[in-house]
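Here numbering that gives the first Met the number 0 is used: position 59 in the sequence shown is 58, and no number is missing along the way. Below: the structure, in structure tokens.
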Amino acid sequence: MAHKITLIPGDGIGPEVAEAARRCIEATGVKIEWDIQLAGTIAQQKTGELLPQATLDSIKKNKLCFKGPITTPIGGGFRSVNVAIRQALDLYVCLRPAKSYPGVKSLYKDIDLVIIRENSEDLYAGIEFEIGKPETVRLIKEITDASKKKIRLDSGISIKPISKTATERIARFAFDYAIKNNRKKITVVTKANIMKFTDGLFLKTARDVAREYEGKVVFEEALVDNMAMQLVQKPHNFDCLVLPNLYGDILSDLCAGLIGGLGIAPGANIGEGIAVFEAVHGSAPKYAGQNKVNPTAMISSGVLMLRYLKENKAADSLENALKAVLAEGKSVTYDLRWKCRRAGRNAHRSGKPG
Ligand code: NAD
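As structure tokens, then:
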């Protein structure tokens, strides 16, 4: 029987990479019935809504979606449709593997990291108060009263909720994922020394969950600023990272940089029995319509989706085909043809010092 999957082409470079990936997924022979749905500015132009109910209903019905990137203007304009989809479907896990492929020029080789990012809370919860609005001024006064700390009246405010409930489920997912996938170590990454009641709670909750898995998976802790440096200098020291939403977003781009760039890095947003697969990268508007960007991240997200569907033979054949094309290096996009300026000396580090 064919798998029913909602397909959102997205905007910018989305439709190009989604189409390339769809063709590769179909070439594995797995039977799929695509239900094409709109979201983002394209949906707004056609239906008046950025995230039409029909799109959400389709994902809820099929329990699976393959999605191209969608633009979110910086500053003003609308909130992120990508975040709205994750919130509406309670896709609380953002899974972003960062794995080296032979032939892809990058600063290191043999990277094999997995970013497990909490996807529903933190500063991405979308609870924001605009400068000058009466409710913002009211909130500032209440916070000043309660905390005895001064906030300037001409401030905008973003709220950072982090709960025990959401942290427990992401930490448990991380440990179960590690065990199922034969991973050895989980590093929890926070700024708990500064934000004691949010990041501190995330860390304490992760520690409590870690105790349940003692002897099965190694658990360690890191501060996010130090982690950023360590990932650049010694990425081979790490295995799976579990992080709150914002740090997870930033460090997954950093990890994409370690393996050859955003054109390579796949992702999955997972909830209870429902998942949306998409690349780490965005809609790269300046390249839209040129059909030149790298579809590898979307194809690789397709590999993750096939594994989620337990279509392992198809996933292996697609991943092997991808590896072969990348290793050959002939039919690859512009981003994989860069020459490391200090080629030889610093390119392709194995993680060994010197
Ligand atoms: P981006 O990931 O779209 O692009 C940044 C740069 O990375 C590009 O200019 C390009 O040089 C490179 N790049 C990205 N994808 C590539 C690919 N497939 N092949 C080769 N090079 C690639 O990030 P941005 O410019 O910060 O964001 C653009 C828009 O995308 C914004 O509106 C942002 O909100 C949105 N966005 C959406 C998602 C999503 O849909 N999940 C994720 C991130 C950003």
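Quick reminder that beta carbons are idealized off the backbone N, C-alpha and C, glycines included. Predicted model, so just to flag it, every value in this text is computed and none were measured.
Who are the near neighbours of residue i in its chain, counting only those whose CB is closer than 8 Å to its CB and skipping five residues on each side?
{"i": "residue 306", "result": "314"}
{"i": "residue 279", "result": "95, 251, 252, 255, 261, 264, 265, 266, 296"}
{"i": "residue 353", "result": "Residue confidence for residue 353 is low, a pLDDT of 27 falling below 50, so the modelled location carries little weight; the figure read from the coordinates is stated next. Nothing meets the Cβ criterion."}
{"i": "residue 229", "result": "221, 236, 237"}
{"i": "residue 131", "result": "153"}
{"i": "residue 190", "result": "198, 222, 223, 224, 246"}
Select from the options the residue whose C-alpha is nearest the C-alpha of residue i.
{"i": "residue 14", "options": "91, 298, 331, 146", "result": "298"}
{"i": "residue 210", "options": "232, 195, 167", "result": "167"}
{"i": "residue 285", "options": "5, 0, 11, 125", "result": "11"}
{"i": "residue 62", "options": "72, 170, 87", "result": "87"}
{"i": "residue 269", "options": "141, 182, 110, 59", "result": "59"}
{"i": "residue 153", "options": "31, 206, 139", "result": "139"}
{"i": "residue 170", "options": "204, 224, 30", "result": "204"}
{"i": "residue 248", "options": "128, 92, 202", "result": "92"}
{"i": "residue 332", "options": "214, 19, 4", "result": "19"}
{"i": "residue 56", "options": "4, 200, 177, 287", "result": "4"}
{"i": "residue 73", "options": "53, 281, 181", "result": "281"}
{"i": "residue 136", "options": "304, 271, 26, 150", "result": "150"}
{"i": "residue 111", "options": "54, 127, 125, 181", "result": "181"}
From which residue to which residue does the alpha helix (DSSP H) around residue i run?
{"i": "residue 206", "result": "198-211"}
{"i": "residue 267", "result": "First-last for residue 267: 265-269, but that is the beta strand (DSSP E), not the alpha helix (DSSP H)."}
{"i": "residue 179", "result": "163-179"}
{"i": "residue 149", "result": "No alpha helix (DSSP H) contains residue 149, which DSSP labels as neither H nor E."}
Is any heavy atom of ligand 1 found at a distance shorter than 7 Å from the C-beta of residue i?
{"i": "residue 72", "result": "yes"}
{"i": "residue 104", "result": "no"}
{"i": "residue 284", "result": "yes"}
{"i": "residue 18", "result": "no"}
{"i": "residue 79", "result": "yes"}
{"i": "residue 68", "result": "yes"}
{"i": "residue 360", "result": "No statement about residue 360 is possible, as the shown extent of the chain runs from 0 to 353 and does not include it."}
{"i": "residue 258", "result": "no"}
{"i": "residue 89", "result": "no"}
{"i": "residue 293", "result": "yes"}
{"i": "residue 332", "result": "yes"}
{"i": "residue 328", "result": "no"}
{"i": "residue 127", "result": "no"}
{"i": "residue 301", "result": "no"}
{"i": "residue 261", "result": "yes"}
{"i": "residue 280", "result": "yes"}
{"i": "residue 12", "result": "yes"}
{"i": "residue 48", "result": "no"}
{"i": "residue 277", "result": "yes"}
{"i": "residue 270", "result": "no"}
{"i": "residue 296", "result": "yes"}
{"i": "residue 247", "result": "no"}
{"i": "residue 395", "result": "Missing from the structure shown is residue 395; the chain here goes from 0 to 353 and no further."}
{"i": "residue 131", "result": "no"}
{"i": "residue 9", "result": "yes"}
Excluding the five sequence neighbours on either side, which residues of its own chain have a C-beta within less than 6 Å of the C-beta of residue i, listed in chain order?
{"i": "residue 96", "result": "113"}
{"i": "residue 344", "result": "Residue placement at residue 344 is poorly supported in this model, since its pLDDT is 46, which falls under 50; the coordinates still yield a value, given next. If we look at residue 344 and ignore the five residues flanking it on each side, it has no Cβ neighbours."}
{"i": "residue 212", "result": "174"}
{"i": "residue 221", "result": "186, 188"}
{"i": "residue 226", "result": "188"}
{"i": "residue 218", "result": "185, 209"}
{"i": "residue 318", "result": "302"}
{"i": "residue 6", "result": "33, 35, 65"}
{"i": "residue 122", "result": "157, 159, 245"}
{"i": "residue 259", "result": "103, 105"}
{"i": "residue 273", "result": "62, 88"}
{"i": "residue 271", "result": "none"}
Cutting at 7 Å between CB atoms, please list the residues of its own chain near residue i, excluding the five before and the five after it.
{"i": "residue 308", "result": "2"}
{"i": "residue 39", "result": "9, 10, 49, 69, 70, 80"}
{"i": "residue 330", "result": "324"}
{"i": "residue 283", "result": "11, 12, 292"}
Residue range of the beta strand (DSSP E) that residue i falls in?
{"i": "residue 108", "result": "Segment: none, residue 108 is in no beta strand (DSSP E) and carries neither H nor E."}
{"i": "residue 96", "result": "92-98"}
{"i": "residue 222", "result": "217-222"}
Give a yes or no on whether the minimum CB-CB distance between residue i and chain B is below 8 Å.
{"i": "residue 316", "result": "Protein chain content of the structure displayed is limited to a single chain, and chain B is not contained in it."}
Three or more beta-carbon pairs under 8 Å between the region 5-19 and the region 287-296, yes or no? Contact between the region 5-19 and the region 287-296 is present, because at least three Cβ pairs lie under 8 Å.
Below 8 Å, can you find three or more Cβ-Cβ pairs linking the region 113-126 to the region 239-251? Touching, yes.
Counting Cβ pairs closer than 8 Å, one from the region 77-91 and one from the region 36-55, do we hit at least three? By the C-beta criterion, the region 77-91 is judged to be in contact with the region 36-55, since at least 3 inter-stretch pairs fall below 8 Å.
So, does the region 324-332 touch the region 28-46, judging by three or more C-beta pairs under 8 Å? No: the two stretches stay apart, fewer than three of their Cβ pairs being nearer than 8 Å.
Counting Cβ pairs closer than 8 Å, one from the region 149-161 and one from the region 191-209, do we hit at least three? Yes: at least three Cβ pairs fall under 8 Å.
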